[in-house]
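Protein chains: 2
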Amino acid sequence: MLSKLFAKRTKTENPSRLQGLFPESNYADNISFGGGCPDESLFPSQALQAAYQKAVGLEKSHSFQYHDVKGPAALRDYLANRARQQGIANASADDILLTAGGQQGIDLVAKLFLEAGDEMAVEAPSYVGALAAFDNYEPVYHEIPLEDDGVNLDYFEEQLKQHPAIKLFYTVPDFHNPTGITMSLAKRQRLVALAERYDFVILEDTPYRDLRYHGESLPSIKSFDTEGRVIFLSSFSKILSPAFRLGWLVASPEIKEQLVNLKLAADLEVPYLAAGTVAAYLADNDLDEHIGQLKQVYRVKLDAMAKALKTYLPADAKISQPEGGFFFWVELGDEIDTRQLLLDEAVPKEHLIYVPSASFYPNWDKNNGLRVNFTGSSLSQIDEGAQRLGRILSPAQLQMAI
Amino acid sequence: MLSKLFAKRTKTENPSRLQGLFPESNYADNISFGGGCPDESLFPSQALQAAYQKAVGLEKSHSFQYHDVKGPAALRDYLANRARQQGIANASADDILLTAGGQQGIDLVAKLFLEAGDEMAVEAPSYVGALAAFDNYEPVYHEIPLEDDGVNLDYFEEQLKQHPAIKLFYTVPDFHNPTGITMSLAKRQRLVALAERYDFVILEDTPYRDLRYHGESLPSIKSFDTEGRVIFLSSFSKILSPAFRLGWLVASPEIKEQLVNLKLAADLEVPYLAAGTVAAYLADNDLDEHIGQLKQVYRVKLDAMAKALKTYLPADAKISQPEGGFFFWVELGDEIDTRQLLLDEAVPKEHLIYVPSASFYPNWDKNNGLRVNFTGSSLSQIDEGAQRLGRILSPAQLQMAI
Numbered sequence: 001m002l003s004k005l006f007a008k009r010t011k012t013e014n015p016s017r018l019q020g021l022f023p024e025s026n027y028a029d030n031i032s033f034g035g036g037c038p039d040e041s042l043f044p045s046q047a048l049q050a051a052y053q054k055a056v057g058l059e060k061s062h063s064f065q066y067h068d069v070k071g072p073a074a075l076r077d078y079l080a081n082r083a084r085q086q087g088i089a090n091a092s093a094d095d096i097l098l099t100a101g102g103q104q105g106i107d108l109v110a111k112l113f114l115e116a117g118d119e120m121a122v123e124a125p126s127y128v129g130a131l132a133a134f135d136n137y138e139p140v141y142h143e144i145p146l147e148d149d150g151v152n153l154d155y156f157e158e159q160l161k162q163h164p165a166i167k168l169f170y171t172v173p174d175f176h177n178p179t180g181i182t183m184s185l186a187k188r189q190r191l192v193a194l195a196e197r198y199d200f201v202i203l204e205d206t207p208y209r210d211l212r213y214h215g216e217s218l219p220s221i222k223s224f225d226t227e228g229r230v231i232f233l234s235s236f237s238k239i240l241s242p243a244f245r246l247g248w249l250v251a252s253p254e255i256k257e258q259l260v261n262l263k264l265a266a267d268l269e270v271p272y273l274a275a276g277t278v279a280a281y282l283a284d285n286d287l288d289e290h291i292g293q294l295k296q297v298y299r300v301k302l303d304a305m306a307k308a309l310k311t312y313l314p315a316d317a318k319i320s321q322p323e324g325g326f327f328f329w330v331e332l333g334d335e336i337d338t339r340q341l342l343l344d345e346a347v348p349k350e351h352l353i354y355v356p357s358a359s360f361y362p363n364w365d366k367n368n369g370l371r372v373n374f375t376g377s378s379l380s381q382i383d384e385g386a387q388r389l390g391r392i393l394s395p396a397q398l399q400m401a402i
Numbered sequence: 001m002l003s004k005l006f007a008k009r010t011k012t013e014n015p016s017r018l019q020g021l022f023p024e025s026n027y028a029d030n031i032s033f034g035g036g037c038p039d040e041s042l043f044p045s046q047a048l049q050a051a052y053q054k055a056v057g058l059e060k061s062h063s064f065q066y067h068d069v070k071g072p073a074a075l076r077d078y079l080a081n082r083a084r085q086q087g088i089a090n091a092s093a094d095d096i097l098l099t100a101g102g103q104q105g106i107d108l109v110a111k112l113f114l115e116a117g118d119e120m121a122v123e124a125p126s127y128v129g130a131l132a133a134f135d136n137y138e139p140v141y142h143e144i145p146l147e148d149d150g151v152n153l154d155y156f157e158e159q160l161k162q163h164p165a166i167k168l169f170y171t172v173p174d175f176h177n178p179t180g181i182t183m184s185l186a187k188r189q190r191l192v193a194l195a196e197r198y199d200f201v202i203l204e205d206t207p208y209r210d211l212r213y214h215g216e217s218l219p220s221i222k223s224f225d226t227e228g229r230v231i232f233l234s235s236f237s238k239i240l241s242p243a244f245r246l247g248w249l250v251a252s253p254e255i256k257e258q259l260v261n262l263k264l265a266a267d268l269e270v271p272y273l274a275a276g277t278v279a280a281y282l283a284d285n286d287l288d289e290h291i292g293q294l295k296q297v298y299r300v301k302l303d304a305m306a307k308a309l310k311t312y313l314p315a316d317a318k319i320s321q322p323e324g325g326f327f328f329w330v331e332l333g334d335e336i337d338t339r340q341l342l343l344d345e346a347v348p349k350e351h352l353i354y355v356p357s358a359s360f361y362p363n364w365d366k367n368n369g370l371r372v373n374f375t376g377s378s379l380s381q382i383d384e385g386a387q388r389l390g391r392i393l394s395p396a397q398l399q400m401a402i
C-alpha cells in the first residue's frame, strides 16, 4: 500500500539479488557449494582474541566511544605499504579508505558515480553483490562477455565507441566471482589504456587476489594507472576473517575525498573494536604467513574440486579452470534452467546447494550456468557434492527435469 | 579532473556536512561542546568485555565467519519486547532491522523513498547527519519550523496542502538534535493523522528517547500508527556504547522487506562480533538499570549546563530548555555568524568548540545559532566552557568580531 511512495529504483516486481540467494535447507546431510565462505577452521581465532584484548587494553573505556571515519592510522599505514608492495606506487595512508567489508566499497563507488540512466559496463557474469549495489542507482548496463583470459576487450572497445557515455567499469580481475577467471597481463594494460582513451573509471575488486594456488601472480590493474582512474578495492574477509566487516580501497585524492563524505553519510565511522583488533593482529602476526597456510589448504581443495567436477559432470559441461580464489563456474546447454533445477532437484532430492547463474547477470537472462564454492567444504563434501551435482546434470535426469 | 564523471548529486562546490564539522584544536585546555559523545567513564566496560568473551565462546571459530543480514534472534526478540513495552503494539522480532548505528537506518530509509526531485519535509533545524544522508538522494526539502513543543504543525499542514507530493517527514521528537526540544503528545497524535490524510511516511528517530532527566516520558509517534506509516529508529550508541555501531528500526513488513534488500546491498550483514556481544550483554545485565545510572549523572550535567548558560550568556540569547538528551541550542541576533565566530574566536582564542547552526539547515542559510553538548564534558568543563562562550558572545566582543 505504501509501496507507491517508494523511490522508482525499488523494483518490487524483481526478485532480490541477495535476499533468498541461498535457499533454506534443513537436511542433516546437506552440502552447500553456495556461499563464498572461508574454511572457518583456518581462522586464527586465538590470535584474533588476543588482538581484541590488546586493542581494548590500548584505549580502555575509550574503546567503547565514538571514533572517526578514517580508522586507525597504523592499519592504513600497513595497507598503504601492502599496496606499494603490490606495485601501487606512492600509495600513502591518506589514500586508503576503510569500508564495511568490500561490499560497502562497491556501494559507495556506485553512489559517487551513478545517477539514474548513467551508463556503466560490467563483466557478464558479474559478482551478484556488486550488481545488487549498482541496481539501486539505476544505471544502464553494458554487458561485456568474459573469455578464458578475462573480459573481451575488442567487444568492450566497440561498446565504448557506440556508447561514449560509459563512465564506470566494474571488474574482478583475479579469480573472478563467479567464474574463477583471471585477466591476463596484456588485457590489464590495455584496459587502462581504454579507460584513458574513452574516459571512464575502473573499479578493480580484488578480494581473492592473494589467494593464488597455481601459477604466477599478475600486477594489479591499478599498478598501471597514471591518471587516478582505477579504484583498487580489497578486503580482509577472505584472507583473515569476514566477521570484522573490514574492506579497504585505494583511490586518488579527488575520488577518496568524496567517498569519505559518502561513508560519513552512510554509517559515520570505522568501528574501532573491529579495525583496532585487526590493526593489533597485524602488528603481532605475519599476515602473509597466515595467507600461506590458507593457500596450502585451499590448493588441495581446488585440485579436488577440479578433479571431482571433471569426473562426475557430463562431458559437455563447460567447467572453468581457476588458479585461485573461491569458485568454479559451470556452463550447460542453453535449455537448462539451473534455478529450477536447484529448487526442484538439487535442494529437495540431492540436498545440495549451488548458486544458479541468473542473478549474476544484470538482466537475469542467462539461466544455464552455476557457481560452486570449494573453500567452505571438506574434501569428502567436495567429492560427494560433485557426485550429487553430476547426478542432477546427467542427461537422463535432465531429460526428466525438462 | 575525473570529477566530471561524478554523479550530479556529488555537489563538490558545497561544504561537507560532516567532514570537518568539528575543527581541529590541539590546545591542551580545549573544551569541546561539539560532538554528541556519551561520558565514556559511564561505559560498562567490564561487562562489555565479559559479553564479548561470552559471544565468542558461544560460537567459537564460527564467530569469525560470515553471518547474516538479520543478526542474532535473541537481540531482535529483546528489541521487539522493548518496543512493545514502549507502546508499539505487536512488534515482533521479524519487524526489527538491525543497522550500522542509527545513521545507516536513516540512509537506508532515504534510499528507499527518495529519488532526485522527490519532496520531503524536515524540522528546521534538523540533525546534520540525517541531512547528510538525505542530500545524497537529492530531495526537494520543505523546512518546518520548530516551536517549544515541537514542529509547527499548522505550518506543516499548509505546506502539505501546497505540496501534496511530500512523501517523507523526518523528526527527532525526543530531546531533538540539535535543539533539545520534545514534541508534545497532542502534536504526536496530530502528526500521525496528517500522515494518514496527506499520505506520507514518518521517520521517527529516537536515539535520546530513554534519556529523560526531568518530566514524564511521552508515547512514541509510532505507538499511534495504525497504517504502517511510521518507522521507529533507535540506537545503542547513547544508552550503551557507540562503538558497536548498532542501531535498530521497527517498520511494517512491506517497508522492512525492502530495507533488508538495501542493507544487503550496502554491507551484506549485521556483524556478529558486535551484535553477539550486545546480545550477550543484554542477557546478563539490566539495560534499564544502566540507563538509570546514566540519567543520574546526565541530569546533574544538564542542570549545570542550564545554569551556566543562563549565568554567562548575554540576556538576549535564546537558550532551549531540554528535559533530556545531549544538547542545548542557542539562538542569537540575526547579525551573528556562529561559524565565523567559531573559527576566528572560539577555537583560537577561547579554546572552545561548539557546532554552528548552518549545517543543521538544508540550505545552510541560518548562521545565528549554535549547538552545545553537555554529556561529554565534566562539570568543571561545563562551567568553564560556558564562561568562555559567554565571553565570545558578549556584546563588546561581538561588536569587535562583526
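Those protein sequence lines, which keep their order, are chains A and B. When you line the first sequence up against UniProt numbering, it's residues 1 to 402, in that order. When you line the second sequence up against UniProt numbering, it's residues 1 to 402, in that order. Even for Gly, the Cβ is constructed at its ideal location relative to N, Cα and C.
Around the beta carbon of G292/B, fewer than 16 other beta carbons sit within 10 angstroms, so the residue counts as exposed. The three-state secondary structure of A89/A, taken from DSSP, is coil. Judged by their CB atoms, L294/A and L211/A are nearer to each other than the 8 Å cut-off. Distance from the Cα of F326/A is smallest, within the candidate group F374/A, N285/A, I353/A and L240/A, for F374/A. At a cut-off of 8 Å between beta carbons, M305/B makes no contact with chain A.
Burial check for N177/A: the Cβ neighbour count within 10 Å reaches 16 or more, so the residue is buried. Shortest Cα-Cα distance from P314/B to any of D148/B, G390/B, N368/B and D135/B involves G390/B. Against chain A, the beta carbon of S16/B has neighbours under 7 Å at N261, listed in chain order. Within the same chain, P356 come within 6 Å of L342/A by CB-CB distance, once the 5 residues on both sides are set aside. Chain order gives the chain A residues near N136/B as K111, N261, L262, A265 and A266, where near means a beta carbon separation below 9 Å.
Per DSSP, the continuous alpha helix (DSSP H) segment holding F134/B begins and ends at V128 to D135.
A straight line joining the alpha-carbon of A274/A with that of R245/A spans about 8 Å. DSSP places F326/B outside both helix and strand once states are collapsed to three, so it counts as coil. Chain A places a beta carbon closer than 8 Å to that of M1/B, counting this residue as a contact.
Within chain A, A100 and D267 have C-beta atoms less than 7 Å from the C-beta of A100/B, given in sequence order. The beta-bridge partner set that DSSP reports for T338/B is empty.
Between V201/A and R229/A, the beta carbon gap of about 5 Å places them in contact (Cβ cut-off 8 Å). By the neighbour-count criterion, in which a residue is buried when 16 or more other Cβ atoms sit within 10 angstroms of its Cβ, H67/B is buried. Between the alpha carbons of G87/A and E158/A lies a gap of roughly 30 Å. Around the Cβ of Y354/A, a 10 Å sphere holds 16 or more other Cβ atoms; the residue is buried. Using a Cβ-Cβ cut-off of 9 Å, S41/A is close to S61 of chain B, given in chain order. In chain order, I181 place their CB closer than 7 Å to the CB of D148/B, counting only its own chain and leaving out the 5 sequence neighbours on each side. Along the stretch 369-394 of chain B, there is no position whose C-beta sits under 7 Å from a C-beta of chain A.
Secondary structure of G333/B (DSSP, three-state): coil.
Counting only runs of 4+ residues, the alpha helix (DSSP H) found wholly inside the stretch 119-196 of chain A occupies 128-135 and 153-162, in chain order. Under DSSP, L370/B shares a beta bridge with V330/B and P356/B.
Secondary structure note for D107/B: its alpha helix (DSSP H) is the uninterrupted segment G101 to F113. Taking the Cα positions, A74/A is about 28 Å away from F236/B. Within the stretch 208-276 of chain B, the complete beta strand (DSSP E) runs of at least 3 residues fall at 230-235 and 246-250. Chain order gives the chain A residues near A243/B as S63, F64, Q65, Y66, H67, P271, Y272 and L273, where near means a beta carbon separation below 8 Å. Residues of chain B with a Cβ closer than 7 Å to the Cβ of V56/A are, in chain order, Q49. Judged by DSSP secondary structure, E204/B falls within the beta strand (DSSP E) whose first and last residues are V201 to D205. Across the stretch 215-246 of chain B, CB contacts with chain A closer than 9 Å involve E227, G228, R229, S237, L240, S241, P242, A243, F244 and R245, in sequence order along the chain. Residues of the stretch 104-132 of chain B with a C-beta atom less than 8 Å from some C-beta of chain A are Q104, D107, K111, L112, F113, L114, E115, A116, D118, G129 and A132, listed in chain order.
E335/A has its alpha-carbon roughly 51 Å from the corresponding atom of A89/B. Bridge partners of K310/B according to DSSP: none are assigned.
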